[in-house]
Amino acid sequence: MSNLLNLSSSPHVRDKSSTKSIMWDVFLALMPATIFGAWNFGLKAVILIVACIATCVLTEYIWQKAMKLPLTVSDGSAALTGLLLALNLSATFPVWMAIVGSVFAIIIVKQLFGGLGQNFMNPALGARCFLMVSFAGQMTSFTYDGVTGATPLAQIKNGVTDPSLCAGKSDLLDMFLGTIGGTIGETSTIALLIGAAYLLARKVITWRIPVIYIATFAIFALIFGEQDVMYLAKELCGGGLVLGAFFMATDYVTSPITPKGQIVFAVLLGVLTGIFRIFGASAEGVSYAIIISNLLVPLIENVTIPTPFGKEGIKDGK
Amino acid sequence: MSNATFRGGVHPYEGKELSQDLPIKTVKPAMGEYIFPMAQHIGAPATPVVSKGDKVLVGQKIGEASGFISANICSSVSGTVKAVEPRMLLNGSKATCVVVDNDGEYAGIPGLGEDRDYTKLTNDEIRDIVKEAGIVGMGGAGFPTNVKLAPKDPNAIDYILVNGAECEPYLTSDYRQMLECPEEIVGGLKVILKLFDKAKGLICIEDNKPEAIKRMEAAVQSESRIEVKVLKTKYPQGGERTLISAATGRKIYSAKLPADAGCIVDNISTVIAIYRAVCKQTPLITRVMTLTGEAFKTPVNVEVRLGCNHADLVAEGDGYKEDPVKVISGGPMMGFAMFDLNVPVTKTSSSILAMTRDQVAEFEPSPCIRCGRCVEACPGNLVPQKMAVAASHNDYATFEKLNGMECYECGSCTFVCPAKRPLTQTFKEARQHVMAQRRKK
Chain A
1 MSNLLNLSSS PHVRDKSSTK SIMWDVFLAL MPATIFGAWN FGLKAVILIV ACIATCVLTE
61 YIWQKAMKLP LTVSDGSAAL TGLLLALNLS ATFPVWMAIV GSVFAIIIVK QLFGGLGQNF
121 MNPALGARCF LMVSFAGQMT SFTYDGVTGA TPLAQIKNGV TDPSLCAGKS DLLDMFLGTI
181 GGTIGETSTI ALLIGAAYLL ARKVITWRIP VIYIATFAIF ALIFGEQDVM YLAKELCGGG
241 LVLGAFFMAT DYVTSPITPK GQIVFAVLLG VLTGIFRIFG ASAEGVSYAI IISNLLVPLI
301 ENVTIPTPFG KEGIKDGK
Chain B
1001 MSNATFRGGV HPYEGKELSQ DLPIKTVKPA MGEYIFPMAQ HIGAPATPVV SKGDKVLVGQ
1061 KIGEASGFIS ANICSSVSGT VKAVEPRMLL NGSKATCVVV DNDGEYAGIP GLGEDRDYTK
1121 LTNDEIRDIV KEAGIVGMGG AGFPTNVKLA PKDPNAIDYI LVNGAECEPY LTSDYRQMLE
1181 CPEEIVGGLK VILKLFDKAK GLICIEDNKP EAIKRMEAAV QSESRIEVKV LKTKYPQGGE
1241 RTLISAATGR KIYSAKLPAD AGCIVDNIST VIAIYRAVCK QTPLITRVMT LTGEAFKTPV
1301 NVEVRLGCNH ADLVAEGDGY KEDPVKVISG GPMMGFAMFD LNVPVTKTSS SILAMTRDQV
1361 AEFEPSPCIR CGRCVEACPG NLVPQKMAVA ASHNDYATFE KLNGMECYEC GSCTFVCPAK
1421 RPLTQTFKEA RQHVMAQRRK K
């Protein structure tokens, strides 16, 4: 044998999936909702989506070049942040503001804390909340079929019934299909569920966070909201709950790594969302619930380290 | 009822089809040097009991166990002792070896290979024979078998588990032995059961080996104390802790021995070695190896004499069809990458796995995205992601607090990691460091 042999520590084989394949799986899973959003809201939505993705990718590229860091834009995480941010914006949101938000997501939320894997808050949601406090008017202005007004969730909360003040009807079927007003990606429950099913089938996410989150919220809403099935169904389909539960709360970097921790995290999300939606000033609460819970992840993990194999019921560990 | 299993684990590509249908070939021994390292087991190295110029016979003891946990070494060939000196071993270190120059006569010690009725032996005689024969766990760890067979309370042993899981990808030596010599496996297990009146024998096989299950079930049909236990195919099912838990529902951790859970676990090859030592008066001088991997022209299962040179064996697989990039002794999950094939085969050498692709070198590690796959995969219920952060900061206190010492380096976390991070490697270093610190205290 003439050639030199490779040496490394075991194991010598690796699974096929990679960071990149996971990011693109999530990207693909968001496509039904994205395409529906483009159809539902038209060209304005498409421009926003493209602008956010392009800005995020470009910002990360320029930052890493300038900081002489290894280039990682091809892993797809920046593009995914851009897409998620766009799906969280109203189609009428000004493009330049969306660009500001994208830069904020990549530089302030992600890169300043060390880049991929180090951010303590979901970059897209961090940016959404930043835009919310900076441009509240534009962020909460929703137009559907030429009418600018309250989203179905806000109609329910505030009892709005005048059609000239409503962006879309608060009809359950419309809310399930997505033919209502709202942010670009949140309206179609069915499109989001198709993507979620794909993620679950590909084992990119587990059921723990989304299912427990939604279940906790449902119980909370039944207790503290209205004891009515129709009300509950609309609360579940409306707003950003499904988008948030399956695509944002499950963000690896900002959710607990321990199985028990994921359960605690999901319950916390459900309770916070319930509090914000039912007792808060706004009809929405998902994004704040998620970023607040994100901040508690290290704490949750520290108290949910699993018991090692064979040490169940042994206290001292000896 | 579905087949027994454990929580966690992974499903690597099995690669067994390369060699699983090829009968075990007995290798024509090469002439020249046979090298017998005095340390090829866990515990104290053996002490050489021959010196340069001595004549030795096949089966003759050339190294004597030097402590409670240690093992004898017997020569696999006859000839002259050429040297007793440090030689290069598989892991790149040098250690004392007895080098025997094969004379090609294969003259054996008196009684070698002759039948012996184990039922006429006392239990202490059986344990002595196993000790004299230098039998150690041949699955990889190399723990002296006579020590395993002498627990504090023999009556507390409920199960003798024969480990036929062979969960490492590519390896087929245990599988072939289950097909080709089931009666020797049953024979060896009956010898062990004689030592433990209350124990039941379970031959544990993964469900990806239906032929072996059929063959072993037929072989134990008339045995009232032996059963075949079918386990789900999943790596690391053949690990001691996962095997015990899947087969019996009992669990042990690092500070416990299988005997604490009323179990004794022995690998297929080890049980056959016990049979041969006790019933055929043959000490441990051969073993079955799988020569496989995409680089071999014709993969093959072979029975070889211990002490032979790995490099000589390559010809048994008709050489390489393509130069290997990486050659592994053992399986791809826990095996050892060899830097040079001119090292001797030992009691724990289970294979030569010659790979044309090095999947480790193909990927550059990228930042951890905290996906949690390592947590889901860890059979020890640990949190590899946090352990790796602690270990890479040299924060050994936190590493221990996160139960890092419960890791047995199965490699599942590293296998699934999408960021291709070298987790297991980090843990090996940290564990060695912690163990060294503990010894100092």
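Same order as they appear, the protein sequences are chains A and B. Quick note on this note's numbering: the first sequence kicks off at 1 and runs consecutively. Quick note on this note's numbering: the second sequence kicks off at 1001 and runs consecutively. Glycine included, every Cβ here is placed at the ideal spot set by N, Cα and C. Remember, it's a predicted structure, so these values are computed and weren't measured experimentally.
Where the alpha helix (DSSP H) containing residue i begins and where it ends
i, result
"residue 1401 of chain B", "1396-1401"
"residue 1435 of chain B", "1423-1440"
"residue 128 of chain A", "123-134"
"residue 1178 of chain B", "1173-1180"
"residue 1387 of chain B", "1384-1392"
"residue 26 of chain A", "19-29"
"residue 1329 of chain B", "Careful: residue 1329 of chain B lies outside any alpha helix (DSSP H), inside the beta strand (DSSP E) at 1326-1329."
"residue 1016 of chain B", "Per DSSP, residue 1016 of chain B belongs to no alpha helix (DSSP H) and is neither H nor E."
Contact set for residue i: own chain, Cβ-Cβ below 6 Å, skip 5 residues either direction
i, result
"residue 225 of chain A", "278"
"residue 1123 of chain B", "1195"
"residue 1044 of chain B", "1066, 1067 and 1070"
"residue 1075 of chain B", "1056, 1060, 1062 and 1100"
"residue 1118 of chain B", "1191, 1278 and 1279"
"residue 237 of chain A", "175, 176 and 189"
"residue 64 of chain A", "71"
"residue 1248 of chain B", "1159"
"residue 1275 of chain B", "1184, 1187 and 1188"
Sequence-distant residues of its chain with Cβ nearer than 7 Å to residue i (five each side left out)
i, result
"residue 1053 of chain B", "1080 and 1081"
"residue 1419 of chain B", "1365, 1366, 1367, 1368 and 1369"
"residue 1411 of chain B", "1333, 1334 and 1424"
"residue 103 of chain A", "55 and 59"
"residue 286 of chain A", "239, 240, 241, 244 and 273"
"residue 1219 of chain B", "1182, 1183 and 1186"
"residue 1064 of chain B", "1046, 1047, 1049 and 1072"
"residue 218 of chain A", "232 and 236"
"residue 97 of chain A", "131, 135 and 138"
Endpoints, beta strand (DSSP E) assigned at residue i
i, result
"residue 1305 of chain B", "1300-1305"
"residue 1230 of chain B", "1226-1231"
"residue 1034 of chain B", "1032-1037"
"residue 1263 of chain B", "1263-1267"
"residue 1288 of chain B", "1286-1292"
"residue 47 of chain A", "Looking at the DSSP string, residue 47 of chain A is not in any beta strand (DSSP E); the run it does join, the alpha helix (DSSP H), is 43-66."
"residue 1152 of chain B", "Run containing residue 1152 of chain B: none; DSSP gives neither H nor E here."
"residue 142 of chain A", "142-144"
"residue 1159 of chain B", "1159-1164"
Close-in-space but distant-in-sequence residues of the same chain around residue i (CB under 8 Å, 5 per side omitted)
i, result
"residue 18 of chain A", "none"
"residue 1003 of chain B", "1207, 1230, 1231 and 1232"
"residue 6 of chain A", "none"
"residue 1442 of chain B", "Given that chain B is displayed from residue 1001 to residue 1441, the structure contains no residue 1442 of chain B and the question cannot be resolved."
"residue 1402 of chain B", "1382, 1383, 1386, 1387 and 1390"
"residue 1226 of chain B", "1186, 1189, 1190, 1193, 1200, 1201, 1202, 1203 and 1220"
"residue 1301 of chain B", "1019, 1022, 1023, 1024, 1025, 1172, 1173, 1176, 1288, 1289, 1290 and 1291"
Residue i and residue j closer than 7 Å at C-beta
i, j, result
"residue 1235 of chain B", "residue 1212 of chain B", "no"
"residue 1284 of chain B", "residue 1133 of chain B", "yes"
"residue 112 of chain A", "residue 239 of chain A", "no"
"residue 1031 of chain B", "residue 1102 of chain B", "yes"
"residue 116 of chain A", "residue 30 of chain A", "no"
"residue 1009 of chain B", "residue 1169 of chain B", "no"
"residue 269 of chain A", "residue 249 of chain A", "yes"
"residue 1238 of chain B", "residue 1337 of chain B", "no"
"residue 178 of chain A", "residue 168 of chain A", "no"
"residue 93 of chain A", "residue 155 of chain A", "no"
"residue 45 of chain A", "residue 191 of chain A", "no"
"residue 80 of chain A", "residue 27 of chain A", "yes"
Members of the region 254-280 of chain A near chain B, C-beta cut-off 9 Å: Those would be 254, 255, 256, 257, 258, 259 and 262, in chain order.
Members of the region 1335-1351 of chain B near chain A, C-beta cut-off 9 Å: Taking 9 Å as the cut-off between beta carbons, the residues of the region 1335-1351 of chain B near chain A are 1335, 1336, 1337, 1338, 1339, 1340 and 1341, in sequence order.
Complete runs of the beta strand (DSSP E) confined to the region 1074-1148 of chain B [at least 3 residues]: As far as the region 1074-1148 of chain B is concerned, its whole beta strand (DSSP E) runs of at least 3 residues are 1079-1088 and 1094-1102.
Where the region 121-136 of chain A meets chain B: residues whose CB sits under 9 Å from a CB there: When CB distances to chain B are screened at a threshold of 9 Å, not a single residue of the region 121-136 of chain A falls below it.
Members of the region 1150-1169 of chain B near chain A, C-beta cut-off 8 Å: The region 1150-1169 of chain B vs chain A, Cβ under 8 Å: 1169.
Positions along the region 229-255 of chain A whose CB lies within less than 7 Å of some CB in chain B: Flagged, chain order: 252 and 253.
Where the region 34-51 of chain A meets chain B: residues whose CB sits under 7 Å from a CB there: For the region 34-51 of chain A, no residue has a beta-carbon sitting nearer than 7 Å to a beta-carbon of chain B.
Contact list for the region 1319-1334 of chain B against chain A, Cβ threshold 9 Å: Within the region 1319-1334 of chain B, the qualifying residues are 1320, 1323, 1324, 1325, 1326, 1327, 1328, 1330, 1331, 1332, 1333 and 1334.
Ordered list of beta strand (DSSP E) runs contained in the region 1186-1266 of chain B, each at least 3 residues: As far as the region 1186-1266 of chain B is concerned, its whole beta strand (DSSP E) runs of at least 3 residues are 1200-1206 and 1226-1231.
Near-chain A residues of the region 1357-1369 of chain B (beta-carbon distance less than 7 Å), N- to C-terminal order: Cβ contacts with chain A: 1358, 1359, 1360, 1361, 1363, 1366, 1367, 1368 and 1369.
Interface positions of the region 1372-1383 of chain B facing chain A (Cβ-Cβ less than 7 Å), listed along the chain: From the region 1372-1383 of chain B, only 1372, 1375, 1379, 1380, 1381, 1382 and 1383 have a Cβ closer than 7 Å to chain A.
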